[in-house]
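Visitor: Got a structure for you, written out below as C-alpha cells; questions coming shortly.
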Amino acid sequence: MDVRKIVIIVEDVQVSRTALQWALQNLLRYGDLLTLLHVFPNLRSRTSNKLRLLRLKGFQLALSFQDLCNNFPNR
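With the UniProt record's numbering, letter number 23 in the sequence shown gets 23, and the count goes up by one each step, no holes.
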C-alpha cells in the first residue's frame, strides 16, 4: 500500500479541531503521513520579538491538537 501524504489546514478555532477529528476518523489509514499546516499573516515589520511570539503561538497551536492525534488509534 502506498503512503499517502495528507495536509490539514488548522487555525485556532473549533472548526479546525472538528476537521482534524473528521480526517482522523474517516480519511487516515495506517502508514499515512499527516501534516498540520498553519499560516500566519505576512508581517511588514518582522522584529525578533514578533517572530518569537509567532513561533510561540504556533507551538501552542500544535500542542492544542496533540490530544486528538495521541488518542487516535494507530490502525
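Cβ coordinates follow ideal geometry from the N, Cα and C atoms, glycine included. Please read all numbers here as calculations on a predicted model, not as lab measurements.
Taking C-alpha atoms, which residue in Glu11, Met1 and Val3 lies nearest to His38?
Guide: Glu11
Visitor: Beta strand (DSSP E) containing Thr47: first to last residue?
Guide: Note, Thr47: premise wrong, no beta strand (DSSP E); not H, not E.
Visitor: Return the chain-ordered list of same chain residues with a C-beta closer than 7 Å to the C-beta of Ala19, the five sequence neighbours on each side being excluded.
Guide: Ile8
Visitor: Do three or more CB pairs link the segment 47–63 to the segment 20–27 at distances below 8 Å?
Guide: no
Visitor: Counting along the chain, where does the alpha helix (DSSP H) carrying Val15 start and finish?
Guide: Gln14 to Asn26
Visitor: Taking the Cβ atom as the reference point for each residue, do Leu68 and Arg17 lie within a distance shorter than 8 Å?
Guide: The Cβ atoms of Leu68 and Arg17 lie closer than 8 Å to each other.
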